[in-house]
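For the sequence shown, our numbering begins at 1213 and goes up steadily by one.
A short worksheet on the structure shown next.
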Amino acid sequence: MKNILILSPHTDDAELGCGALISRFVEEEKNILWVVFSTAEESIPKEMSVDTLKNEFLNVVNKLNISKKNVIINHFKVRYLHEKRQEILELLVKIRNSFQPELVIGPSLNDFHQDHQIVANEMVRAFKSSSSIISYELPWNHITFNTQLFFKCEKRHLRKKIELLQCYKSQIVKNRSYFSEEFINGLARTRGVQVNSEYAEAFEVIKWIV
Ligand SMILES: [Zn+2]
């Protein structure tokens, strides 16, 4: 498994869902392509620059030593991805043909955020015959989540995840509970206990090709 595509409806979703795994993949020198669909310019408080989330995301990319060539930032309007469904599908098909990922990681089909649903559906539509597809866990958006696949991780990967999330100063000031270190550690510990590991991140399997 060398080429890995990460899909993030908004700038912070992939870090929240699989930040420790991304840090593990970087260590393992996987070829990562990371696609963001919205930088939520419309949700940024007036006193902040409209580029705030984009810049915070670029700080994350920097911290991971991922080249900017491996990142695609789109500017679809937050909460209106449904209006661009076909455009999103076509973008993913283009990426499928050029990057040919063996593994695609994106939001869950059980995620109730409207933008996450669009990305999850178009992800399956685009990659269902070509790639293994798994979904990361964002518990505040799910009613059910099937913990079918676990990636074990070490303390250093989890520390990196927390460090990456700290790049999102604009979100931290909003006091979002899922940005708290206590929550991030607690969930990783819970998933770790399920697989005899200190820490882990859990995923749903949509398709697994061996
Ligand atoms: Zn999101």
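Ideal Cβ positions, reconstructed from N, Cα and C, are used throughout, including at glycine.
Owing to the predicted nature of the structure, the values given are computational and were not obtained by experimental measurement.
List the DSSP bridge partners of residue i.
| i | result |
| --- | --- |
| Y1411 | C1365 |
| W1246 | I1218 and V1283 |
| E1416 | S1347 |
Given the structure, does residue i come close to ligand 1, in the sense that its CB is under 7 Å from one of the ligand's heavy atoms?
| i | result |
| --- | --- |
| D1327 | yes |
| H1222 | yes |
| D1263 | no |
Would you say residue i reaches chain B, if we count a Cβ-Cβ gap shorter than 8 Å as a contact?
| i | result |
| --- | --- |
| Q1378 | Any reference to chain B falls outside this structure, which holds one protein chain only. |
Which residue's Cα is closest to the Cα of residue i: the options?
| i | options | result |
| --- | --- | --- |
| N1215 | N1353, A1338, W1246 and S1389 | W1246 |
| L1219 | S1279, I1256 and D1327 | D1327 |
| K1419 | R1291, E1254 and V1336 | V1336 |
| F1339 | K1306, N1274 and A1226 | K1306 |
| Q1312 | P1319, E1349 and L1304 | L1304 |
| N1277 | N1243, Y1390, Y1380 and E1259 | N1243 |
| Q1406 | F1362, I1374 and K1367 | F1362 |
| R1401 | N1387, V1422, R1371 and V1385 | R1371 |
| Y1348 | L1265, S1279 and Q1329 | Q1329 |
| C1365 | P1221, L1217, E1240 and V1417 | E1240 |
According to DSSP, is residue i helix, strand or coil?
| i | result |
| --- | --- |
| S1382 | helix |
| H1325 | coil |
| V1305 | helix |
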